[in-house]
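Per the numbering used here, the sequence shown starts with residue 450, numbered consecutively. No residue lacks a Cβ here, since even glycine has one placed at the ideal position from N, Cα and C. The structure presented is a predicted model; accordingly, all values stated were derived computationally and were not measured.
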Amino acid sequence: MSQQYRPDLYVVLEAIAKGIDTKDKISEELELPETRVEEILRSLEATGLITRSTKGIIIKRETYSLTPSGWRKLDEWRNMAANDLKKAEELRKIGREEEALGILQPY
Numbered sequence: 450m451s452q453q454y455r456p457d458l459y460v461v462l463e464a465i466a467k468g469i470d471t472k473d474k475i476s477e478e479l480e481l482p483e484t485r486v487e488e489i490l491r492s493l494e495a496t497g498l499i500t501r502s503t504k505g506i507i508i509k510r511e512t513y514s515l516t517p518s519g520w521r522k523l524d525e526w527r528n529m530a531a532n533d534l535k536k537a538e539e540l541r542k543i544g545r546e547e548e549a550l551g552i553l554q555p556y
């Protein structure tokens, strides 16, 4: 099952790639409610882009990491995000600020 690009999925995948690997850390870093982060993590896991594992002997915590297909998808999504940023920049240059903000808002 392939996951379609959505900015919220992309930013969570990007956070995990940067080593922000627990639900609470992702929630804090991205300023998203933990319930929303849980939904996104389940979706990414169901499509095989991330895996979940338990770390710790005394204090156990669930961590997430990208799968090989997750790394490939992240590369693809980075390009899509870069295109969105480029589009927004072009719109700002010609005075279409509201349209530019509309593109950037989901990020």
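query                                                                                              : result
Continuous alpha helix (DSSP H) stretch holding Tyr459: start and end                              : Pro456 to Ala466
Residue burial classification, Leu550 (beta-carbon count within 10 angstroms, cutoff 16)           : exposed
Sequence-distant residues of its chain with Cβ nearer than 6 Å to Leu486 (five each side left out) : Inspection of the sequence shows that residue 486 is occupied by Val rather than by Leu. Contacts found: Lys472, Ile475 and Ser476.
Gln453 and Thr496 closer than 7 Å at C-beta                                                        : no
Contact test: Leu523 Cβ vs the ligand FAD heavy atom, cutoff 6 Å                                   : Only the bare structure without any ligand can be found here, which leaves the ligand FAD out of the picture.
Alpha-carbon to alpha-carbon, Leu462 and Trp526                                                    : 9 Å
DSSP bridge partner residues for Leu515 (one or two, in chain order)                               : Ile499
Under 7 Å between C-beta atoms of Glu480 and Ile469                                                : no
From Leu490, Thr503 and Arg545, residue whose alpha carbon lies closest to that of Gly519          : Leu490
Cβ-based neighbour list, Leu553, same chain, cut-off 6 Å, excluding 5 preceding and 5 following    : Ala537
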